[in-house]
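Note that this note's numbering numbers the sequence shown so that position 101 is 866, with each residue one more than the last.
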Amino acid sequence: MASLSPDQLDELQAFLKDWLRHTGRTQADLRRALQASSIRMPVLLETLQRTYAGEGLAGLAGRLCAIEERWQREAAEGVSGSSAPGPTGGIEETSLGQLDLLLQEIRGELHD
């Protein structure tokens, strides 16, 4: 079973915290999206670690992109499902673009 290294887990945690802050979301929002058992970061990371083990880095990035897309759709429909404030303007669009670029880069590395 493939697993993320401790350094990769640290980077993923930093990314998640930054991503949540920029999108105005919380760990509770991410827990719901991942259907994890807790909002604690180690549990969220464990859930994403299982995705990585089963689908690799592209699967992990794809799952995060799918969550971002769902959040964008909910924000556009006015159903945030979050205790955080609504849309933050261009920040969410920039975040989605960054996730898409990350996914493209990962897919490119896998095919090289």
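All C-beta atoms in this analysis are idealised placements derived from N, C-alpha and C, irrespective of residue type, glycine included. In this text the structure is predicted, and so the values were computed from the model without any measurement.
query	result
Bounding residues of the alpha helix (DSSP H) (the contiguous stretch that carries Q778)	771 to 788
Residue span of the alpha helix (DSSP H) that contains I832, given as start and end	806 to 842
Close beta carbons around V808, own chain, < 8 Å, minus the five adjacent residues each side	R796, A801, S802
Sequence-distant residues of the same chain with beta carbon closer than 8 Å to A798, five excluded per side	I832, R835, W836
Per-residue DSSP class, three states only, for Q869	helix
Close beta carbons around L867, own chain, < 6 Å, minus the five adjacent residues each side	A826
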